[in-house]
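Counting along the sequence shown from 1, when you hit position 90 you're at 89 in numbering that gives the first Met the number 0, and nothing is skipped either side.
Working notes for the structure below.
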Amino acid sequence: MKVARLYSFNDIRIEDVPVPKPGPGEALIKTMACGICSGDVMPWYIEKKAPLVLGHEPSGEIVEMGSSLITRPSSLSVGERVFTHHHAPCLSCKYCKRGDFVQCSTWKSSRLIPGGVSEYILIPVINLENDTLVLPESLSFEDGTLIEPTACAVKGLRRAKMKQGDTVVVIGLGVMGMINLLLARAYGAGRVIGADMVKFRLDKALEFGADDVIDVAARDLREELQRITAGDMAELVIVGPNSADAMKQGLSCVRPGGQTLLFTPAKPGERLDLDPNWLYFNDINIITSYSCGPDDTREACRLIEKRIVSAGKLVTHRFPVEDTGEAFRLTAKAENSLKSLIVFS
Ligand SMILES: [Zn+2]
Ligand SMILES: [Zn+2]
Numbered sequence: 000m001k002v003a004r005l006y007s008f009n010d011i012r013i014e015d016v017p018v019p020k021p022g023p024g025e026a027l028i029k030t031m032a033c034g035i036c037s038g039d040v041m042p043w044y045i046e047k048k049a050p051l052v053l054g055h056e057p058s059g060e061i062v063e064m065g066s067s068l069i070t071r072p073s074s075l076s077v078g079e080r081v082f083t084h085h086h087a088p089c090l091s092c093k094y095c096k097r098g099d100f101v102q103c104s105t106w107k108s109s110r111l112i113p114g115g116v117s118e119y120i121l122i123p124v125i126n127l128e129n130d131t132l133v134l135p136e137s138l139s140f141e142d143g144t145l146i147e148p149t150a151c152a153v154k155g156l157r158r159a160k161m162k163q164g165d166t167v168v169v170i171g172l173g174v175m176g177m178i179n180l181l182l183a184r185a186y187g188a189g190r191v192i193g194a195d196m197v198k199f200r201l202d203k204a205l206e207f208g209a210d211d212v213i214d215v216a217a218r219d220l221r222e223e224l225q226r227i228t229a230g231d232m233a234e235l236v237i238v239g240p241n242s243a244d245a246m247k248q249g250l251s252c253v254r255p256g257g258q259t260l261l262f263t264p265a266k267p268g269e270r271l272d273l274d275p276n277w278l279y280f281n282d283i284n285i286i287t288s289y290s291c292g293p294d295d296t297r298e299a300c301r302l303i304e305k306r307i308v309s310a311g312k313l314v315t316h317r318f319p320v321e322d323t324g325e326a327f328r329l330t331a332k333a334e335n336s337l338k339s340l341i342v343f344s
């Protein structure tokens with residue numbers, strides 16, 4: 000079977016490897032589609048994991064189940080269409096009990112084999128039992144690839160405790176920014192304002208229901224927000240770009256009592272320099288949100304069933320596995336694209 004393996008940012012190779020054999024309690028899927036994640040195109044993040052088979056947003060069809068003689072019989076069976084999460088928690092440790100699934104050591108060490116951009120994927124027992132979902136009939140395999148990214152936005156918005164009627168600013172309108180925008184709208188935001196420097200993305204944000212957009216290539220974000228909100232600013236600012244500068248900019252857009260959601264990690268070692276006196280007297284909250292757990296993937300699946308998020312809206316490019324390098328470069332460029340998928344025939 001073909002896999003796309005990344006050795007370094009500019010070196011992605013298509014390799015032929017044996018199809019894995021599912022052991023007891025495991026399943027094998029034939030991959031139908033897999034998203035290229037915007038997080039995977041941060042060189043410092045992905046290269047520390049290299050060499051690795053790219054992709055953690057797959058959907059596919061179960062083609063083989065391992066024996067269930069020594070494990071609990073699975074509720075899943077051959078022929079079912081599924082989304083499977085790359086990481087799954089144990090559901091019993093102290094982190095899992097509080098819902099902090101991504102801090103669970105099982106979550107951190109579990110992974111799909113060999114990775115998402117692979118013609119077949121072996122789903123280990125823990126992933127199969129604790130975070131694999133049967134796709135509802137109305138969801139295509141392409142919709143299924145959006146469950147994990149949507150779940151990350153579900154978790155972020157939950158942690159940020161957005162309230163009905165809030166003014167929400169989304170900085171960075173790549174696919175994750177768009178999902179945050181669509182969800183903020185669906186969860187009852189009063190006003191949603193997008194900011195980016197790419198015209199294609201600003202236009203898409205308006206199409207997806209943003210009330211206003213700010214072209215940060217032409218205008219100062221804070222000044223423009225001040226103007227369009229008559230000085231009110233925003234109760235929630237979601238910062239997509241992975242830099243301390245963007246985070247500072249985000250903080251400058253929050254109104255007293257508001258939240259800044261840091262949606263993407265900055266490079267290790269970057270410093271965010273803040274005035275704690277200003278933070279304190281303005282009751283400004285800084286919230287982070289890393290990845291997602293099984294409660295979030297279920298909610299994401301429901302949101303996709305309601306068509307709040309869909310492949311039709313967000314998938315702009317499709318590539319065969321042989322062209323994974325091109326899909327990766329297009330995602331890294333962050334211009335006239337949103338979601339790029341690798342599709343398998
Ligand atoms: Zn992802
Ligand atoms: Zn756990």
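The beta carbon of each residue, even a glycine, is placed where N, CA and C say it ideally should be.
It should be emphasised that the depicted structure is a prediction, and the values quoted were computed from it without experimental measurement.
Extent of the continuous alpha helix (DSSP H) to which residue i belongs
| i | result |
| --- | --- |
| I285 | Careful: I285 lies outside any alpha helix (DSSP H), inside the beta strand (DSSP E) at N284 to T287. |
| E222 | L220 to I227 |
| I178 | V174 to A185 |
| M246 | A243 to L250 |
| T330 | T323 to K332 |
| I11 | That residue, I11, is in no alpha helix (DSSP H); its beta strand (DSSP E) goes D10 to D15. |
Whether residue i touches residue j by CB criterion (8 Å)
| i | j | result |
| --- | --- | --- |
| S117 | V52 | yes |
| I286 | R158 | yes |
| I112 | V81 | no |
| N241 | P264 | yes |
| K162 | S288 | no |
| I122 | T323 | no |
| T144 | G292 | no |
| V197 | E325 | no |
| F140 | S67 | no |
| A233 | R270 | no |
| A32 | L75 | no |
| V169 | S290 | no |
| L201 | D219 | no |
Spatial neighbours of residue i in its chain, beta-carbon cut-off 6 Å, leaving aside the 5 residues before and after
| i | result |
| --- | --- |
| A183 | V167 and V191 |
| T259 | V236, G249, L250, V253 and I285 |
| R4 | R12, E14, P50 and V52 |
Residue i - containing beta strand (DSSP E), residue span
| i | result |
| --- | --- |
| S339 | K338 to V342 |
| K162 | Segment: none, K162 is in no beta strand (DSSP E) and carries neither H nor E. |
| K29 | A26 to G34 |
| D99 | Per DSSP, D99 belongs to no beta strand (DSSP E) and is neither H nor E. |
| F318 | V314 to F318 |
| F82 | R80 to T83 |
Same chain, Cβ closer than 7 Å to residue i, five either side skipped, listed in chain order
| i | result |
| --- | --- |
| E46 | S7 and F8 |
| A310 | S139, E141, D142 and L145 |
Proximity test, Cβ basis, 8 Å: residue i and chain D
| i | result |
| --- | --- |
| D195 | Within the model displayed, chain D is absent; a lone protein chain is all it includes. |
Beta-carbon proximity list for residue i, same chain, < 8 Å, skipping 5 on both sides
| i | result |
| --- | --- |
| E321 | K1 and I13 |
| L313 | L145, V174, M177, I178, L337 and K338 |
| R221 | Q248, S251 and C252 |
With three or more C-beta pairs closer than 8 Å as the rule, is the segment 16-23 touching the segment 323-331? no
Measuring from each Cβ to the nearest heavy atom of ligand 1, keep the ones under 6 Å and list them in chain order. C36, G38, H55, E56, E147 and P148
Any chance the segment 230-241 sits against the segment 170-184, with 3 or more Cβ pairs inside 8 Å? yes
For the structure I just gave you, are there three or more beta carbon pairs, one from the segment 82-94 and one from the segment 31-49, closer than 8 Å? no
Any contact between the segment 266-282 and the segment 297-316? By contact I mean 3 or more CB pairs, one from each, below 8 Å. no
Are the segment 253-262 and the segment 189-204 touching, with three or more C-beta to C-beta distances below 8 Å? no
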